[in-house]
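Residue numbers (this note's numbering): 1 to 161.
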């Protein structure tokens, strides 16, 4: 049983699946509604852990790389160039980041949102708040779609009657 919860947690943490993969996996692994809800919450907690940890690590990495002479200068120039070219994205700020993370599509989510926040140089607290709100919205969308989708399939094919 704990292995199934660990699987859902790791899917919530994984860059490719995040909450979008954790919730359907929780439904597949747990037929009991209470266990499904608990497992989905475990996946959510894993996904919520990404932004604070990754932002911290990116800041530490930047401090380390900058000390590497030529490589550090090259990294810093690339980061500055990315920040200068991000005018369109940065004009939407926190609301744009929330929406970006909340949309349950490929290449959106907490990992990509954290990288975007870092590149834009958003203040850490605001970035984490925006990413976490986006993850919560994505959770609601995916959870609702998973539950509703299963109910629609049951109604169409008269499953579980």
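For glycine and all other residues, C-beta sits at the position ideal for the given N, C-alpha and C.
| Query | Result |
| --- | --- |
| Unbroken alpha helix (DSSP H) run spanning residue 143, endpoints | 124-157 |
| Assigned exposure category for residue 20 - 16 Cβ within 10 Å defines buried | buried |
| Close-in-space but distant-in-sequence residues of the same chain around residue 94 (CB under 6 Å, 5 per side omitted) | 126 and 130 |
| Unbroken stretches of the alpha helix (DSSP H), 4 residues or longer, contained in the segment 43-106 | 50-66, 70-84, 87-90 and 93-102 |
| Minimum C-alpha distance to residue 22 - residue among 139, 155 and 32 | 139 |
| Same chain, Cβ closer than 7 Å to residue 110, five either side skipped, listed in chain order | 18, 47, 50, 51, 101, 131 and 135 |
| Cutoff 7 Å; reference residue 103; Cβ partners in own chain excluding five residues on either side | none |
| Of the listed residues 82, 14, 1 and 16, nearest to residue 31 (C-alpha basis) | 1 |
| Three-way DSSP call (helix, strand, coil) for residue 110 in this model | helix |
| Whole-number beta carbon distance between residue 39 and residue 5, since they are thought to touch under 8 Å | 6 Å |
| Touch test, the segment 111-121 against the segment 71-83, Cβ-Cβ under 8 Å, three pairs minimum | yes |
| Beta-carbon proximity list for residue 42, same chain, < 6 Å, skipping 5 on both sides | 5, 8 and 9 |
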